[in-house]
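Keeping their order, the protein sequence lines are chains A and B.
When you read off a place in the first sequence, starting at 1, and then add 674, the result is the number in the numbering used here.
When you read off a place in the second sequence, starting at 1, and then add 336, the result is the number in the numbering used here.
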Amino acid sequence: MSFFIQSFVAANQLIWSMDAELLNIVLVSLSVSGLATVAASVVGIPAGFFLAYRRLPGKRIYITLLNTLLALPTVVIGLFVYVFISRRGVFGSLGLLYTQKAIIIGQFILIVPLITALTIAAISRVDERYRNTAKTLGANAWQTALVVLREGRFGIAAAVISAFGRVISEIGISMMLGGNIKGYTRTMTTAMALEYDKGSFTLAIALGLVLMAISLLVNILFQLVQGRSGA
Amino acid sequence: MHPLFELQNIRQHYHDRTVLDIASLRLEAGHIYALTGPNGAGKSTLLRLLAFLEEPTAGRLFFCGEQVRFSSRTALLNLRRRVVLVDQHPVAFSTTVAKNVEFGLKIRKMAKKQRQRLVAEVLDTVGLSQYCHGPANELSGGETQRLALARALAIQPEVLLCDEPTANVDVPNQHIILDVLSQINHKHSSSIIFTTHDQKQAEALAQHGLHLERGCLEYHNAA
């Protein structure tokens with residue numbers, strides 16, 4: 675127990691002293707996961723909106739497929755992307771393996787289904803009367819769609835926040851595609867795994883605390899957004 | 337002169353159920369019509385057809401002498417900009433009261449100053465000026481009904497369709513709504529078609545009465 679307390683105290687000191695290595699790892703994690711979330715939002719929000727808003731044949735099949743993709747393990751995505759970007763892969767010549775871009779691609783694949791599915795849920799919850807009200811007031815198809823999008827905005831924001839929370843804490847993709855290279859592709863989760871392997875807990879606990887703090891912030895934001903949407 | 341609306345053999349089915357079956361109906365411009373009938377008689381369906389929000393399963397609908405082409409998006413958009421439906425349970429956009437009223441004007445690309453003047457004027461008419469910059473989704477049921485009316489009035493429609501405008505509001509709000517409807521008919525010669533269960537209200541406000549029973553027009557006369 676005293677070992678844990680000592681590590682915990684040392685970890686706190688590491689955080690408050692703004693240790694350069696710790697800061698670098700946190701920044702890499704935030705930038706990689708942030709970019710993956712932005713890219714996935716650019717694809718997932720319009721896709722989710724389209725699937726929810728339009729009457730499409732086979733809509734239920736698309737939604738079932740999406741929901742299935744939500745359960746995709748990170749290691750499977752890691753393996754899948756690895757096949758394409760490794761030296762012998764189709765995109766091997768691009769030299770993406772063990773770069774931040776590789777992690778972003780993997781994390782993007784991980785959360786696109788999540789953002790799409792949650793956007794579908796958010797838009798489907800928007801009362802049909804908003805669409806009819808916009809139409810009867812003279813709105814064209816685009817203006818009507820914008821009204822529906824605006825009414826579902828808090829649900830969509832919650833989808834994005836939730837997706838960020840998912841990628842910031844994943845390890846499989848970051849480890850398999852990033853390679854855990856110090857100062858370059860080492861993220862909070864991969865660094866924690868490495869420190870654990872080394873039996874050195876100070877940095878691991880410090881990163882764990884930072885990750886928990888980020889997770890708490892994300893959840894506070896999520897609750898605030900959900901509160902505004904009335905959910 | 338062409339009638340405002342002309343319905344010829346209009347039928348509306350939902351799945352296998354016929355909810356509206358009107359052989360012939362002519363509605364004249366500038367008049368107030370009260371549409372009565374029991375629940376499920378087809379009143380709201382008729383209003384949605386007249387608002388061009390639904391396409392009839394069969395029959396022909398004419399507006400100002402021209403047949404409505406439900407297949408043409410542009411034609412429908414142009415028609416919808418002349419006719420407004422105020423729902424029985426209206427929803428307020430999740431923004432301010434003023435922006436709700438401004439919506440129809442903004443999409444018609446009206447100049448900002450003119451928009452602001454009209455919004456202030458209309459909110460004053462329905463007695464909601466004090467909530468102008470407040471959130472619309474915090475209004476009471478009666479106030480939301482008045483807001484929906486204000487939103488419709490701002491765009492000065494040729495035809496105002498109201499689905500039970502006073503059904504879910506208290507007596508003071510009922511008087512305000514009925515006064516506003518009467519005013520806009522006199523001031524702007526807007527045609528008004530409203531549904532109600534209240535025969536006295538229909539007689540007090542409308543010049544003509546229409547009665548629907550199980551989707552069919554039972555009588556059409558002066559109220």
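Cβ atoms here follow ideal geometry from the backbone N, Cα and C, with glycine treated the same way.
query: DSSP-derived helix/strand/coil call for Tyr-369/B; result: strand
query: From Ala-456/B, Cys-552/B, Cys-498/B and Ser-407/B, residue whose alpha carbon lies closest to that of Ala-370/B; result: Cys-498/B
query: Selection from Ile-513/B, Asn-504/B and His-524/B that minimises the alpha carbon distance to Val-495/B; result: His-524/B
query: Contacts of Glu-825/A in chain B (Cβ-Cβ under 8 Å); result: Phe-429 and Ser-430
query: CB contact below 9 Å: Asp-801/A versus chain B; result: yes
query: Arg-840/A versus Ile-785/A: straight-line alpha-carbon distance, rounded; result: 8 Å
query: Element boundaries [alpha helix (DSSP H), containing Phe-388/B]; result: Counting along the chain, Phe-388/B falls outside any alpha helix (DSSP H), and DSSP gives it neither H nor E.
query: Same chain, Cβ closer than 7 Å to Ser-703/A, neighbours up to 5 away in sequence not counted; result: Ile-842, Thr-861 and Met-862
query: Neighbouring residues, chain B, relative to Thr-810/A (Cβ below 7 Å); result: Ala-387, Leu-389, Arg-416, Val-420 and Leu-421
query: Euclidean distance between Cα positions of Gly-904/A and Ala-837/A; result: Residue placement at Gly-904/A cannot be trusted, given a pLDDT of 49 that sits under 50; what the coordinates show is reported in the next sentence. Each residue's Cα considered, the two are about 20 Å apart.
query: Expected contact under 8 Å - CB spacing of Ala-813/A and Ile-443/B to nearest Å; result: 5 Å
query: Segment contact flag, the stretch 686–697 of chain A with the stretch 749–763 of chain A, C-beta cutoff 8 Å, min 3 pairs; result: no
query: Distance between beta carbons of Ala-486/B and Leu-459/B, contact taken as under 8 Å; result: 6 Å
query: Range covered by the alpha helix (DSSP H) that runs through Ser-681/A; result: 676–690
query: Cβ-based neighbour list, Val-821/A, same chain, cut-off 6 Å, excluding 5 preceding and 5 following; result: Tyr-804 and Ala-808
query: Beta-carbon proximity of Pro-501/B to Val-422/B, cut-off 9 Å; result: yes
query: Arg-729/A, buried or exposed, once every other Cβ within 10 Å from all chains shown has been counted against 16; result: exposed
query: Cβ of Ile-528/B within 9 Å of any chain A Cβ; result: no
query: Cβ-based neighbour list, Ala-865/A, same chain, cut-off 6 Å, excluding 5 preceding and 5 following; result: Ile-699 and Leu-881
query: Residues from the stretch 438–450 of chain B in contact with chain A, defined by Cβ distance under 8 Å; result: Phe-439, Gly-440, Ile-443 and Arg-444
query: Residues within the stretch 475–496 of chain B neighbouring chain A, beta-carbon criterion of under 7 Å; result: Arg-487 and Ile-491
query: Helix, strand or coil at Ala-905/A [DSSP, three-state]; result: Confidence is the limiting factor: at Ala-905/A the pLDDT is only 44, short of 50, which leaves the residue's position unreliable and the question unanswerable from this model.
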